[in-house]
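Participant: Okay, handing you the structure first.
Number of protein chains: 2
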Amino acid sequence: MTQHTPTQPQKKYVLVTGGAGYIGSHTVAELIENGYECIVVDNLDNSSYESVSRLQILTKHKITFYHTDLCDKEELRKIFVNHNIDSVIHFAGLKAVGESTQIPLKYYRNNILGTLALLELMQEYHVEKLVFSSSATVYGDATRFPDMIPIPEECPLGPTNPYGNTKYTIEKILNDLYESEKKNWKFAILRYFNPIGAHPSGLIGEDPLGIPNNLLPYMAQVAVGRREKLNVFGNDYDSRDGTPIRDYIHVVDLAKGHIAALKYLDNTKSEGLCREWNLGSGTGSTVLEVYRAFCDACGDDIPYEITGRRAGDVLNLTAKPDRATNELHWKTELNVADACKDLWKWTTENPFGYQLKGVVDKFAAQKDDFESRFITLGEGTKFEVTFANLGATIVDIKVDGQSVVLGYKDEAGYLQEDTAYIGATIGRYANRIAKGKYTLNGKEYQLTINNGENCNHGGPSTFHTKKFMGPLVQNPKKDIFTAEFLLLDFGKELNEFPGDLIIHVKYIVNVAEKTLDIEYQAELVNGEATPINMTNHTYFNLNKVNKETFAGTELRVASARSLDMDMKRVVPTGKIITREIATFDSSKPTVLGEKTPDYDYAFVIDENEKITDVNTAKRRKLTTVAKAYHPESKIGLEILTTEPTFQIYTGDWLSAGYTPRQGFAVEPGRYVDAINHEQWRESVILKRGDVYGSKIVYRFT
Amino acid sequence: MTQHTPTQPQKKYVLVTGGAGYIGSHTVAELIENGYECIVVDNLDNSSYESVSRLQILTKHKITFYHTDLCDKEELRKIFVNHNIDSVIHFAGLKAVGESTQIPLKYYRNNILGTLALLELMQEYHVEKLVFSSSATVYGDATRFPDMIPIPEECPLGPTNPYGNTKYTIEKILNDLYESEKKNWKFAILRYFNPIGAHPSGLIGEDPLGIPNNLLPYMAQVAVGRREKLNVFGNDYDSRDGTPIRDYIHVVDLAKGHIAALKYLDNTKSEGLCREWNLGSGTGSTVLEVYRAFCDACGDDIPYEITGRRAGDVLNLTAKPDRATNELHWKTELNVADACKDLWKWTTENPFGYQLKGVVDKFAAQKDDFESRFITLGEGTKFEVTFANLGATIVDIKVDGQSVVLGYKDEAGYLQEDTAYIGATIGRYANRIAKGKYTLNGKEYQLTINNGENCNHGGPSTFHTKKFMGPLVQNPKKDIFTAEFLLLDFGKELNEFPGDLIIHVKYIVNVAEKTLDIEYQAELVNGEATPINMTNHTYFNLNKVNKETFAGTELRVASARSLDMDMKRVVPTGKIITREIATFDSSKPTVLGEKTPDYDYAFVIDENEKITDVNTAKRRKLTTVAKAYHPESKIGLEILTTEPTFQIYTGDWLSAGYTPRQGFAVEPGRYVDAINHEQWRESVILKRGDVYGSKIVYRFT
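Chains P and A are the protein sequences, given in the same order.
Numbering follows UniProt numbering, with no gaps: position 252 of the first sequence is 252.
Numbering follows UniProt numbering, with no gaps: position 9 of the second sequence is 9.
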């Protein structure tokens, strides 16, 4: 992925309309790769926010998103007011040729009015560069003219359906607007041939609603069994194999064409322009050739049938791409085989596109605030886990329909002042740092004191109030869902710790095993080193989470060896002592009562005691460190980790809607205040080039 | 004008968008002529409500008007909800080619969005016939093809400016919509060549804002001195005289083309259609030929200069109108000379179009309710008179800036229950009818009793609560303004009198003479006969109209002979007596005091005593019947009339915001209760075929 240089004031903000769609999302990926910052606006009528969410994880970049219809000019205006936009790439529009012949008024209104609102605002806010998503459809049947195959941009236009007419009209609007103020405007009109394929990551691709109109998505659906067979419309054309010839272009090549056009506009000095470029390969493929390539990619000969010619089809519509090659210095680099391979990866990894059965989300703050969602994985199963973007928090875990963790019903609950980090991801530095002081590379740091005389859980820059990007939700195997969140923990003004971190939190929900795996990873992308210690702060109540204390819970731990504490200063002395608590070997468990025993102590995991590496996930195996069970609900919990210690806290100070001892926390992590203890220090210092990592598992029985 | 058949349930309602504009207004006139009812919607951006107002007087028809922008779909929806629309003629749109090249976005938004909103509502409300105002501009330069002059509808399209592009796009939208639901839609696309001329009445015509783009309006402005000279762009074309050839079509012919198209759609049974027709004469005229025709019409050789060719102009753009001739059975009947003659009449009678200096109007009830306006004539002069549509009421008369009549500030004042007919036109029957009873053609009628045991001033169907159409305001000579109002006093449910009347009220304001002439005219268009007696019920106060009584007013009348009254029944006995009142011959005037004398009596005008005709305006001369003067203000008033009697009422029962004796009324009219007195009866019975008429003059000194 692109090199991260977090504070680049010269970065150009590109507004991408329809950026959640097929070509839009691939172009966003390329824009970020090329150092542009993206703002996506999309009405999501025919696309999914998941593409944006996935792009954030894929690109490790914040992508500002607006769920706005371009036709709603006053909503659209807010984007121009809020952002310093340099240029626009305009994809938004209805695009199904067949549908356009059924409901033409909707196509004209949506495509033309949306464009007019956009252009009016660009005029008003002096945003004067636009790349427009046109289509080879504007040529109509180019075979009606002599010598117009391959089709050059000079070919007379003549669209033959309402969709094509809207593209044609928008081209006219752009031409007329340019002619009215030639010095102001720079318009690149890109006429796409047949975009196919998907991002090689398999994370984004085409997700057509209903029956696909296009050859490749249709074949893909046949291949995964969603459609019976492919219909080939006519094999009596004058081509190599009798089927019609089209110009297919890999969507990643197409996306790159937009970057080339944008750079061309950027590099056009002093005067305006309005110019059209074909984006095609220049190489035609027959339907059967594409069929063969796809069968090779999926390793199966999918069924097909030759049927009669389709009205309006012609022999050959291949692009002459010379103008783009010469002027934009762009040409296709991938072929149909590449596209088929990438499409097949996308299809097999996302057989129903962005829609995942068993995943639901809702807005946790305001409607359409996609940065504030609650996402439930395993919905409808016997193991459901809900996460929030805020703090990448575990909002709820339901075992056989019963909630077993504390959580709030909306984001506001988590943002209360006296909340106890309920369910949150804790960082940049979990647990206490004595007096909030530490030294690193010879420099002394002073953090804000927020807990007695110490700094606890990262102080004011704590992760539990930060909006994590994503999640990237996948369903890689039956019964397994993953959700990946990303936090760009950048910028001194927000974080008292040195350096910029990319924080990656991956949750794996196994609904069959009733396990929730948590994987933390952090990478320093700016600065030399930082202290780091992450954990999850879920409070469990295995019986009556919403009403009562956890009294009756039976607890055992892997080890009774615990950090000795200076109880006045509430930090470790550095010694290890033994506390009274049942271990796995004990004959009886420790039963947590209404008032006692009360724990807020770290215990040492013998196997990991001598840890020095910052990446325990890589070096250590998962060890079971605690088991809890409630005889009334008969729900058991095991906690595993790769970490050297775990804090047990019986929630004796819980407030903010909860009462003391309503939930208990088991927080695996590095040694408390390790940064200030030579023997533990190495494991909490992340240096540039290294990767911090750790794992925690919650297993329910 | 068209034959009036007031209750025709089979009449077709045509929604005319842009119906206040040049071609729209002429088409409305033709539609009404052809028996259609019109609803006009116009945003008045480039047109004037005056055209609608004038059309109402011209056609003697109610034209429902909506001041609505088509782009405001929810406002437009109200029209579809309120009316049972049969078909639409769609003129509304921006139309200046030159301007369109400057502000193309506004053209696209206005013209396309307006059309889409219209079509969406037509679809929703199942209104499926549309005549669309397209333009020969869609052909662009037809000379680029061989054999396309004269231009047939089959000529390939290629507009060369944003205006033309909007027309082209709308044609595409109509075609695509038709193709999507072929059975539903009937679309006639009319491609106009060059509309010129004006309505032969001189009442409506082209009223371009700013510098006219077109040849004829430009020449007209040169002729009246608003422009210096005509520029002829090139005389080196290959034509008869070297100037380019265009196809000019009289706007009345063009309007008739719309009727022909609408009838064609009406007559197309069982299936839909979408078809284009050229509306042109088929005969080209050169610029200099048109120039010569216009000079002949205006009787003057207006200055012109040959300048260089204008970019984009071509030699010849003449229509091939055969399709319209064959299919619509329409062809032009008027020529360029006719158009020049009618244009010259329009121009000389309306040198500044619909704008008249010294005339202002405001809304008297709700914004955009053009049926409820106050219109002031002579504004800014020493004699200003304000009229209302409601009751064709005299709202105010200002003499040297001082109001001398009672009136209210808005319509609501006039609609108060206890208001005393202040300033209103009184009818259908002014003054009392004994017991509300009368017989006519052997039938006995009983009116609602509203005054003691009698019916006064027409009872519940009184004119003072009715909205008069218009006014048609003109400024025929310096210092003279006219305002004509029309009331269709139709329908038994609203009027207790028999028969349908067209009531015409004409006011003539002479600001130099400080006179206000009132002319009443009524025509029976349905039924055999009706009683009728009209007057104006202005209350004068020549001194302090808004604060005090008229005390001190000196009054003299033409005659002290007065109708004897049965004071119990408040109706005439039939005898004439003499009352105590100063006549013009008396040595001293009657001075009206704070309390006395109190009059509510009718006096007889000797010259007109024996009147038998219902049209006094035609048969009688104006006679001065009363003079009033106030020594404090030094304002004098003379009242003249053609009528046989005048009621003097000292306003002793005034209320509704006024106090007794704040104003006095002098109401010329027929004999009180004449309908029930054999000797007077003939003068108040209007028979079918006769015309009722009378005149009143208020002269101030």
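Ideal Cβ placement from N, Cα and C applies to all residues, glycine included.
Predicted model, so just to flag it, every value in this text is computed and none were measured.
How is lysine 409/A classed by DSSP in three states: helix, strand or coil?
Facilitator: Three-state result, lysine 409/A: coil.
Participant: Could you tell me whether the segment 184–191 of chain P touches the segment 117–133 of chain P, using the rule of 3 or more Cβ pairs below 8 Å?
Facilitator: Cβ pair count under 8 Å is three or more, so yes.
Participant: Are there 16 or more other CB atoms within 10 angstroms of the CB of phenylalanine 603/P, so buried, or fewer, so exposed?
Facilitator: With 16 or more other Cβ atoms within 10 Å, it is buried.
Participant: Report the three-state DSSP secondary structure of lysine 466/A (helix, strand or coil).
Facilitator: Three-state result, lysine 466/A: coil.
Participant: So with Cβ pairs under 9 Å, would you call arginine 310/A a contact of chain P?
Facilitator: No, arginine 310/A does not count as interfacial toward chain P.
Participant: Please work out which residues of its chain come closer than 6 Å, Cβ to Cβ, to glycine 574/P, disregarding the five sequence neighbours upstream and downstream, and give them in chain order.
Facilitator: Once the five neighbours on either side are set aside, the close Cβ partners of glycine 574/P are His677.
Participant: Less than 6 Å between C-beta atoms, sequence neighbours within five positions excluded: which residues of the same chain meet that for proline 631/P?
Facilitator: Correct list: empty, nothing qualifies.
Participant: Please list the residues of the segment 171–192 of chain P that have a C-beta atom closer than 8 Å to any C-beta atom in chain A, keeping them in chain order.
Facilitator: Answer in chain order: Lys172, Ile173, Asp176, Leu177, Glu179 and Ser180.
Participant: Which value, in whole angstroms, describes the spacing of the CA atoms of leucine 215/A and threonine 286/A?
Facilitator: Rounded to whole angstroms, leucine 215/A to threonine 286/A spans 11 Å at the Cα level.
Participant: Span of the alpha helix (DSSP H) holding aspartate 253/A?
Facilitator: It spans 251–267 - the alpha helix (DSSP H) in which aspartate 253/A sits, taken as one unbroken run.
Participant: Can the beta-carbon of glycine 257/P be found closer than 9 Å to that of lysine 320/P?
Facilitator: Taking 9 Å as the Cβ cut-off, glycine 257/P and lysine 320/P do not qualify as a contacting pair.
Participant: Mind checking if arginine 109/A is an interface residue toward chain P, Cβ cutoff 9 Å exclusive?
Facilitator: True, the Cβ-Cβ gap to chain P drops below 9 Å.
Participant: For the beta strand (DSSP E) containing glutamine 679/P, list its first residue and its last residue.
Facilitator: No beta strand (DSSP E) contains glutamine 679/P, which is instead part of the alpha helix (DSSP H) from 678–681.
Participant: Is histidine 457/A helix, strand or coil by DSSP?
Facilitator: Here histidine 457/A sits in coil by DSSP.
Participant: Please go through the segment 475–535 of chain A and give each complete beta strand (DSSP E) segment of 3 or more residues, from N-terminal end onward.
Facilitator: DSSP runs (the beta strand (DSSP E)) wholly in the segment 475–535 of chain A: 480–489, 500–510, 515–526 and 529–531.
Participant: Is the shortest distance between the beta-carbon of leucine 487/A and the beta-carbons of chain P less than 9 Å?
Facilitator: It does not; no Cβ of chain P falls within 9 Å.
Participant: CB glycine 35/P to CB lysine 60/P, shorter than 9 Å?
Facilitator: No; because the gap between Cβ atoms is not below 9 Å, this pair is not in contact.
Participant: What do you get for valine 232/P, buried or exposed, if any count of 16 or more other CB atoms within 10 angstroms of its CB means buried?
Facilitator: Buried is the call here.
Participant: Measure the beta-carbon distance from phenylalanine 65/P to glycine 24/P and round it to whole angstroms, keeping in mind my assumption that it falls under 8 Å.
Facilitator: With 8 Å as the limit, phenylalanine 65/P and glycine 24/P do not qualify as a contact, their Cβ atoms being about 12 Å apart.
Participant: With a cut-off of 9 Å, does the C-beta of threonine 347/A fall near any C-beta of chain P?
Facilitator: So, not an interface residue.
Participant: Under 8 Å, CB to CB, which of the residues in the segment 115–127 of chain P have a partner in chain A?
Facilitator: If the cut-off is 8 Å between Cβ atoms, the segment 115–127 of chain P has Leu116, Leu119, Glu120 and Gln123 near chain A.
Participant: Does the beta-carbon distance from isoleucine 112/A to tyrosine 108/P come in below 9 Å?
Facilitator: In this structure, tyrosine 108/P lies closer than 9 Å to isoleucine 112/A by Cβ.
Participant: For chain P, is any of its Cβ atoms less than 9 Å away from the one on asparagine 43/A?
Facilitator: Taking Cβ atoms only, chain P never reaches closer than 9 Å to asparagine 43/A, which makes this a no.
Participant: Alpha carbons only, please: which of Glu120/A, Pro498/A and Tyr599/A is nearest the one belonging to leucine 563/A?
Facilitator: The shortest C-alpha separation from leucine 563/A is found at Tyr599/A.
Participant: Given this structure, state the Cα-to-Cα distance separating asparagine 456/P from valine 571/P, to the nearest angstrom.
Facilitator: Spanning the two alpha carbons is a distance of roughly 11 Å.
Participant: If we ignore side chains and look at the alpha-carbon of each, how far apart do threonine 137/P and leucine 55/A end up?
Facilitator: Their Cα atoms are separated by approximately 48 Å.
Participant: Within 10 angstroms of its Cβ, does glycine 98/P collect 16 or more other Cβ (buried), or is it exposed?
Facilitator: Burial call: exposed.
Participant: Between which two residues does the alpha helix (DSSP H) carrying glutamate 122/P extend?
Facilitator: The question names glutamate, but residue 122/P is methionine in the sequence shown. 114–124 is the span of the alpha helix (DSSP H), which, as asked, contains methionine 122/P.
Participant: For my contact list, leucine 640/P and leucine 622/P are in at a C-beta cut-off of 8 Å; report their separation, rounded to the angstrom.
Facilitator: Indeed, because the Cβ distance is near 4 Å, the residues count as touching under 8 Å.
Participant: Got a sec: is the Cβ-Cβ distance from proline 162/A to anything in chain P below 9 Å?
Facilitator: Yes, contact with chain P.
Participant: Strictly under 9 Å for the Cβ-Cβ distance: is serine 100/A near chain P by that measure?
Facilitator: Yes, because at least one Cβ of chain P sits closer than 9 Å to the Cβ of serine 100/A.
Participant: Here's a check: name, in chain order, each residue in its chain whose Cβ is nearer than 7 Å to the Cβ of lysine 634/A, leaving out the five neighbours to either side.
Facilitator: Closer than 7 Å at the Cβ level, and outside the excluded window around lysine 634/A, lies no residue.
Participant: Which residue marks the beginning of the alpha helix (DSSP H) containing cysteine 298/A, and which one marks its end?
Facilitator: 287–298 is the extent of the alpha helix (DSSP H) around cysteine 298/A.
Participant: CB-CB under 7 Å to alanine 142/P, same chain, minus the five flanking residues each way: which ones, in chain order?
Facilitator: Same-chain partners within the cutoff: Met148, Ile149, Ile151, Cys155 and Leu317.
Participant: Is it right to say histidine 26/A is buried, meaning 16 or more other beta carbons lie within 10 angstroms of its own, or is it exposed?
Facilitator: Looking at its Cβ environment, which holds 16 or more other Cβ atoms inside 10 Å, histidine 26/A is buried.
Participant: Based on Cα-Cα distance, which residue from Thr307/A, Ile503/A and Gly436/A lies nearest to alanine 392/A?
Facilitator: Measuring from the Cα of alanine 392/A, the nearest candidate turns out to be Ile503/A.
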